[in-house]
Amino acid sequence: MKKNILKLTVSALFSVIALASCATINSGAALASNTPIGSKVGETKSTIICGVISLNADGNNIQKAAEKASIKNVTQVEYIDQLVFGGVLINHTTRVYGE
7 MKKNILKLTV SALFSVIALA SCATINSGAA LASNTPIGSK VGETKSTIIC
57 GVISLNADGN NIQKAAEKAS IKNVTQVEYI DQLVFGGVLI NHTTRVYGE
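Per the numbering used here: the sequence shown = residues 7 to 105.
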């Protein structure tokens with residue numbers, strides 16, 4: 007009976023860890039000194055599978071994100087990565103700020 011409870015506990019713990027989602031935000035430093043972040047925000051997204059296959063990788067860049075928000079002067083860039091299923095999927099977002 008104790009072995010079954012231990013197996014169930016370990017399995018439940020592994021399932022929670024494997025299915026949990028976490029996010030990291032890598033905020034780049036301001037690109038222009040003494041400049042406010044900006045009133046416009048643009049972002050692009052892509053999904054990376056198993057760290058190898060990237061969906062929409064060519065559209066996930068600073069220039070595309072700036073174009074979406076009509077930003078001509080980029081002052082700040084953020085990269086946000088959200089790990090899904092223990093890192094099997096990575097939702098990557100590039101966010102730009104500016105005027």
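All C-beta atoms in this analysis are idealised placements derived from N, C-alpha and C, irrespective of residue type, glycine included. Just so we're clear, the structure is a prediction, and the values are computed from it rather than from any experiment.
Pairwise C-alpha distance: F91 and N10 | As a working mapping, residue 10 is identified with position 4 in the sequence shown. As a working mapping, residue 91 is identified with position 85 in the sequence shown. Answer to the nearest angstrom: the Cα atoms are 25 Å apart.
Which residues bound the alpha helix (DSSP H) around K70?
-> Sequence index remark: in the sequence shown, residue 70 carries index 64 (1-based). First-last of the alpha helix (DSSP H) with K70: 68-74.
Residues near N79 by beta carbon distance below 6 Å, same chain, minus five either side | Here residue 79 refers to the residue found at position 73 of the sequence shown. The answer, listed in chain order, is G104, E105.
Limits of the unbroken beta strand (DSSP E) element including I77 | Within the sequence shown, numbered from 1, the residue matching residue 77 stands at position 71. From DSSP, I77 is part of no beta strand (DSSP E); its letter is neither H nor E.
Straight-line CA distance for F20 to Q88?
-> By 1-based counting over the sequence shown, the position of residue 20 is 14. By 1-based counting over the sequence shown, the position of residue 88 is 82. In a straight line, the C-alpha of F20 is about 19 Å away from that of Q88.
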